[in-house]
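One structure is given below, encoded as structure tokens.
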Amino acid sequence: MSVSDAAVDAPAPVASPPVASPSRHDAAISQGVGVVALLIAGLQPVILGAMEREGRLTTAQIGLAATVELMALGVACGLAAALLKPTNIRLKIAITCLLHAGAMLATTLTSGVGVILTRALAGACAGVMLWLAIGVIARASKPERASGVFVTLQTFAQLVLAASLPATVMIPWGVNGALVCLAGISVLAGLAALAGPDRLAVLPKSDEGGTLDVRSIGGLAAVFLWMAFIVALWVYLEPLAARAGLTPREAGLAVALALGLQVLGGVAATAVGDRVSPSNVLLGVGVINAVILATLWSGPGRSVFVACVAAFGFLWLFALPFQTLLLIRIDPTRRASMQLGAAQLLGSSAGPLAASLVVGEGPVRRALILSGACLALALGLISLLRPKSPA
Numbered sequence: 187m188s189v190s191d192a193a194v195d196a197p198a199p200v201a202s203p204p205v206a207s208p209s210r211h212d213a214a215i216s217q218g219v220g221v222v223a224l225l226i227a228g229l230q231p232v233i234l235g236a237m238e239r240e241g242r243l244t245t246a247q248i249g250l251a252a253t254v255e256l257m258a259l260g261v262a263c264g265l266a267a268a269l270l271k272p273t274n275i276r277l278k279i280a281i282t283c284l285l286h287a288g289a290m291l292a293t294t295l296t297s298g299v300g301v302i303l304t305r306a307l308a309g310a311c312a313g314v315m316l317w318l319a320i321g322v323i324a325r326a327s328k329p330e331r332a333s334g335v336f337v338t339l340q341t342f343a344q345l346v347l348a349a350s351l352p353a354t355v356m357i358p359w360g361v362n363g364a365l366v367c368l369a370g371i372s373v374l375a376g377l378a379a380l381a382g383p384d385r386l387a388v389l390p391k392s393d394e395g396g397t398l399d400v401r402s403i404g405g406l407a408a409v410f411l412w413m414a415f416i417v418a419l420w421v422y423l424e425p426l427a428a429r430a431g432l433t434p435r436e437a438g439l440a441v442a443l444a445l446g447l448q449v450l451g452g453v454a455a456t457a458v459g460d461r462v463s464p465s466n467v468l469l470g471v472g473v474i475n476a477v478i479l480a481t482l483w484s485g486p487g488r489s490v491f492v493a494c495v496a497a498f499g500f501l502w503l504f505a506l507p508f509q510t511l512l513l514i515r516i517d518p519t520r521r522a523s524m525q526l527g528a529a530q531l532l533g534s535s536a537g538p539l540a541a542s543l544v545v546g547e548g549p550v551r552r553a554l555i556l557s558g559a560c561l562a563l564a565l566g567l568i569s570l571l572r573p574k575s576p577a
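The numbering used here runs 186 ahead of the 1-based position in the sequence shown.
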């Protein structure tokens, strides 16, 4: 059966089976561990860029190290959701956090291929750490709000460290100073995990047992394509800014503005909650993003370019909690939502990789073509997966 057939036959949304929600204390610790797991997603330019300046990575190795770490994170998160039982969580997460800290410290001793290998190990550990946060969000009574809080805190933490590390420990000790700090944060996360949940409620099984159906897979594919669209554009913002006539400093300020508005987008999504249909929200946001891509393709002036980047940043985090809600509407057992992190991270690593192949040595505008194609496919899937009202 195709995704479109499943969409046509799909019933109206049904209530999710009751799942015991974690306490606020357990949710706070679990989300904190998840925030630590994803710190590197916002710090890769700082960490890997500093390694290049210190001669420990080539320009080509920067992209490879970033892609390998995010792919390892996504794969590990998906495997953890599929294979790990939500029991003895404190010990599992504490050990994983210590291994994550060890990978950070190992990176201080390596260069070149060694950095790529240690970043892969760090990504795998972070994937298991993220599994805990996603498990708590999937079991929350208001998962869209829990997701909104999580992405907002995650982005805020990344902003704080991206601003503070280069201005403090990296001045006397270089990138190793930042890596030691991140290792210390991982150790603290491990200690906090010992006071967190030791087990989570078992998710109900679907009619197909523990497997994902066609609609669930289609929803995860839409999330994958959505994130590929976002990050394929994000990684090329600086050369696109230069094409629009911005100086490197102005481009940096535009990116900082986008990051700040990401926080506001997460807050806005948390406030909206489940008052509106997640598919309608995502389709509306997708249309606005399509207008942004078309505007960037047209070669806008400086002020219009900055406005597009700002809107793009706001919409980025505004949409993410509704991906969680969309998957729960598609699969009320919440098993599909447990794979959300894997789909997002794999899309985030596949997007820039595909864009680099499309751009090659040609004009940077080609990245907009790849980004737009991913967005169109994602919107097509979301349209097909919208539940049909009974006749």
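Even for Gly, the Cβ is constructed at its ideal location relative to N, Cα and C.
Spatial neighbours of residue i within its chain, please: CB distance less than 6 Å, with the 5 preceding and 5 following residues excluded, ordered by chain position.
i, result
"Q448", "T341, G499, W502 and L503"
"A292", "T304"
"G431", "R488"
"A201", "Reliability of the predicted coordinates at A201 is poor, the pLDDT of 49 falling under 50, and the value obtained from them is presented with this limitation in mind. Taken in chain order, the list of residues that qualify is empty."
"A287", "A369, S372 and V373"
"M187", "Confidence in M187 is poor, its pLDDT being 39 and thus under 50, which makes the residue's placement unreliable; the coordinate value appears in the next sentence. Correct list, in chain order: V400."
"S569", "none"
"A310", "A258 and A262"
"E424", "A437"
"D384", "I275 and R276"
"V545", "R552 and A553"
Starting from the C-beta of residue i, find all residues in its chain whose C-beta is less than 8 Å away, skip the five residues before and the five after it, and write them out in chain order.
i, result
"L561", "L411, W412, F415, G472, N475, A476 and L479"
"L229", "Q344, L347, A348, L351, A364 and L368"
"I302", "Q247, L250, A251 and V254"
"N580", "Lying outside 187 to 577, the shown extent of the chain, residue 580 is not represented and no answer is given."
"G485", "R429 and A430"
Spatial neighbours of residue i within its chain, please: CB distance less than 7 Å, with the 5 preceding and 5 following residues excluded, ordered by chain position.
i, result
"L539", "T253"
"G218", "A375 and A378"
"D191", "Because D191 carries a pLDDT of 42, less than 50, the predicted location of this residue cannot be relied on, and no value is offered for it."
"S333", "I323, L506, P507 and T510"
"S207", "R325, A326 and S327"
"A496", "L443, A444 and L447"
"G459", "K328, E330 and R331"
Figure out for me which residue from the options has the closest Cα to the Cα of residue i.
i, options, result
"L571", "R515, S542 and A528", "R515"
"I371", "A289, G485 and V495", "A289"
"L234", "L380, V355 and L250", "L250"
"L259", "T304, T245 and R552", "T304"
"L318", "A541, G527, V335 and G533", "G527"
"L408", "P208, L513 and G485", "One detail in the question is off: residue 408 reads as Ala in this sequence, not Leu. Measuring from the Cα of A408, the nearest candidate turns out to be L513."
"E436", "L468, L482, S489 and V388", "S489"
"A213", "A310, V314 and P329", "P329"
"A457", "A553, L567, R401 and R331", "R331"
"G558", "R520, T481 and A427", "T481"
"T296", "N466, G241 and G446", "G241"
"W359", "I320, T294 and S484", "T294"
"G566", "V545, G546 and L469", "L469"
"G533", "R520, L556 and D517", "L556"
"R239", "R210, M356, L270 and A310", "M356"
"V337", "L398, V453 and P434", "V453"
"T397", "S465, D517, R210 and S463", "D517"
So residue i and residue j are in contact, right, with Cβ under 8 Å, and what is the actual spacing, rounded?
i, j, result
"A236", "L316", "Incorrect: roughly 24 Å between the Cβ atoms, too far for contact."
"A522", "L406", "6 Å"
"S535", "L256", "4 Å"
"V550", "R429", "6 Å"
First and last residue of the alpha helix (DSSP H) that includes residue i?
i, result
"Q525", "Careful: Q525 lies outside any alpha helix (DSSP H) and carries neither H nor E."
"K278", "I275 to T293"
"R350", "For the record, residue 350 in the displayed sequence is Ser; it is not Arg. Start and end: P329 to S350."
"G472", "P464 to W483"
"E547", "Here E547 belongs to no alpha helix (DSSP H), and DSSP marks it neither H nor E."
"T510", "R488 to I516"
"D212", "R210 to A223"
"E436", "P434 to V458"
"A268", "T245 to L269"
"S402", "V400 to W420"
"G558", "R552 to L571"
"T304", "V299 to A324"
"R461", "R461 -> no alpha helix (DSSP H), and no H or E assigned at all."
"S372", "M356 to A379"
"A428", "L423 to R429"
One question on the structure: do residue i and residue j come within less than 8 Å of each other, judged by their Cβ atoms?
i, j, result
"L285", "V373", "no"
"S216", "G382", "yes"
"Q530", "A267", "no"
"L386", "I281", "no"
"L443", "V492", "yes"
"Y422", "A306", "no"
"A308", "I403", "no"
"A427", "A440", "yes"
"C263", "G321", "no"
"V221", "L339", "yes"
"A418", "A564", "no"
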